[in-house]
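Beneath this line is the structure, given in structure tokens, with notes to follow.
Okay, structure coming up:
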């Protein structure tokens with residue numbers, strides 16, 4: 016029998032924080048992975064928002 020291991024890497028969805036206040040329709044989301052053991056808090060990265068056409072802060076949702 017194989018040993019069961021807990022997966023440290025999980026997929027997370029990142030959503031733009033500035034998009035909701037801009038009033039423009041649509042949302043900017045990215046899918047990435049993170050290591051739960053090294054970064055237990057919510058992930059926050061600067062990513063390009065194609066709708067606003069600028070780099071904005073994207074936060075992990077759920």
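In my numbering, the protein residues as written are 16 to 77. Even glycine gets a Cβ: it sits at the ideal position worked out from N, Cα and C. Since this is a predicted model, take the numbers as computed values, not measurements.
Contact belief for residue 27 with residue 48 at Cβ below 8 Å, rounded distance in angstroms = About 7 Å; that satisfies the 8 Å criterion.
Leaving out the 5 sequence neighbours to the left and right, which residues in its chain are closer than 8 Å to residue 74 when beta-carbon positions are compared?
-> Excluding sequence neighbours, residue 74 sits near 29, 30, 32, 57, 58, 59.
Nonlocal neighbours in the same chain, by C-beta distance under 7 Å from residue 46, ignoring five residues either side | 26, 28
Residue 38 and residue 66 closer than 8 Å at C-beta | no
Going along the chain, which residues of its own chain have a beta-carbon closer than 8 Å to the beta-carbon of residue 34, five neighbours each way excluded?
-> Take residue 34, set aside five residues on each side of it, and the residues of its chain with a beta-carbon closer than 8 Å to its own are 41, 42, 43, 64, 66, 67, 71, in chain order.
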